[in-house]
Ligand SMILES: C[S@@+](CC[C@H](N)C(=O)[O-])C[C@H]1O[C@@H](n2cnc3c(N)ncnc32)[C@H](O)[C@@H]1O
Ligand code: SF4
């Protein structure tokens, strides 16, 4: 048995009813019950082969489509977790739920275990949902939102969908603040090579231009802020006290363990990723290690942390695990920050105790990341 120190765990459920046209995340469409059982057996074996030394603070069940497991197998997954993972009594437990496979029976199983529900809506607009090749109908979305009413709820939306106008997006935002949620993750559509959407479009419908996409991002911030949310990361918004603990830990360089095919892990020094193949993962194919010098790892952690609205404080920086073996002093980061700030004064704010992007800088995180690395 290997003793490990992770307080943040991600389990990737690598199945979907069907592939959405835009998605390049690893998942097996339309799995057989036998395959799902083989996956659950392996999760059980993996967790049984390690001893988690500390109570786990955040558990994230993502995918893929966790709700595809159905009542009986979700129960089994929860049983495995309860037996093998020492959960802290206040642990944040998130599960991603796809509206079309999320019903009363599944909610009954999940309620009392998960305390954070993430609903993949993507768009409330029927035509745009069709453009994305999403299976859910509006009635599924409404049912999902009703099921999680009163809980800690995130929804995922995508903007910049071909055919989507700024007016469409304003309508999405209007609905978003009307439904009972506390958190929104919203990413601009990336047209991934090899996806059905990239093939379908093939120049037939123009992508939304950068200017409109930026206007949509700005509109998101201002509309949500008028309705009690704040932007706490480039693409994430929440009401007070409902930041996603799991994601914050990942963004701030804390270790996390990923279980399942394609799942990524980080032990504070090294990152590794399990094979993007369920059959290889089932056969213990070794993960791919991302080995880089510790000082580059620290820069990488710093740049990812800059995506948060709060950015870095000296205290937070000194807390990151690599500091034990490789102290990169706050002053070193500060000197670099002042140089970058001189070049982009409207994008970066830096003073002796904190380094963070300005609200405009959050839109240009890429620019600052590149300048930092030059
Ligand atoms: C990998 S999915 C898993 C969640 C769940 N299966 C679902 O579809 O709702 C996580 C989120 O990534 C986002 N996503 C996936 N592909 C994307 C793309 N090409 N562009 C932008 N966002 C994307 C979607 O918002 C999605 O909800
Ligand atoms: S977006 Fe979600 S449901 Fe669609 S294929 Fe990707 S993981 Fe599966």
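In the working numbering, the protein residues as written are -17 to 356. We put the beta carbon where it would ideally sit given N, CA and C, even for glycine. If you're wondering where the values come from, they're calculated on a predicted model, not measured in any experiment.
Look at the segment 254 to 330 and you find these whole runs of alpha helix (DSSP H), each 4 residues long or longer: 260 to 264, 276 to 287, 296 to 301, 312 to 325. With a minimum length of 4 residues, the unbroken runs of alpha helix (DSSP H) contained wholly in the segment 25 to 106 fall at 52 to 66, 86 to 92. For residue 120, the uninterrupted alpha helix (DSSP H) run begins and ends at 120 to 129, by DSSP. Here the segment 193 to 203 lies against the segment 141 to 157, with 3 or more beta-carbon pairs under 8 Å apart. Per the DSSP secondary-structure output, residue 167 pairs in a beta bridge with 138, 218.
Exclusion of residue 175 from the 7 Å shell around ligand 1 follows from its C-beta lying no nearer than that to any non-hydrogen atom of the ligand.
Residue 336 has 295, 333 as its beta-bridge partners, per DSSP. Restricting attention to 324, -1, 4, 171, the CA atom closest to the CA of residue 15 is found in -1. Shortest Cα-Cα distance from residue 146 to any of 338, 136, 159, 170 involves 170. Take residue 55, set aside five residues on each side of it, and the residues of its chain with a beta-carbon closer than 7 Å to its own are 18, 22, in chain order. With the rule of 3 Cβ pairs closer than 8 Å, the segment 225 to 236 counts as touching the segment 278 to 289. Across the structure, residue 269 and residue 149 are spaced so that their CA atoms are roughly 45 Å apart. Beyond the five residues adjoining it in sequence on each side, residue 227 comes within less than 7 Å, by CB distance, of 39, 40, 74 in the same chain, given in chain order. The residue from 330, 246, 152 with its alpha-carbon nearest to that of residue 353 is 330. Judged by their CB atoms, residue -6 and residue 52 are not nearer to each other than the 8 Å cut-off.
Around the beta carbon of residue 89, 16 or more other beta carbons lie within 10 angstroms, which makes this residue buried. Exclusion of the five residues before and after residue 1 leaves 11 as the residues of its chain whose Cβ lies within less than 6 Å of its Cβ.
Inclusion of residue 35 and residue -15 in the CB contact set at 8 Å is warranted, their separation being smaller than that value.
Taking all protein chains in view, the Cβ of residue 110 is crowded by 16 or more other Cβ atoms within 10 Å, so the residue is classified as buried.
Between the segment 77 to 88 and the segment 108 to 123, the count of C-beta pairs closer than 8 Å reaches three or more; the two stretches touch. Residue pairing for residue -3: DSSP places it in a beta bridge opposite 10.
Summarising the contact set, residues whose Cβ lies nearer than 6 Å to any heavy atom of ligand 2 are, in chain order, -2, 1, 2, 5, 7, 9, 45, 46, 47, 80, 102.
If you draw a straight line from the Cα of residue 338 to the Cα of residue 217, it comes to about 16 Å.
Short of 6 Å from the beta carbon of residue 163, and not among the five residues preceding or following it, lie these beta carbons of its own chain, in chain order: 135, 137. As the crow flies, the alpha-carbon of residue 241 is around 10 Å from that of residue 24. Taking all protein chains in view, the Cβ of residue 70 is surrounded by fewer than 16 other Cβ atoms within 10 Å, so the residue is classified as exposed. In this chain, residue 197 is not harboured by any beta strand (DSSP E); it is covered by the alpha helix (DSSP H) spanning 192 to 207.
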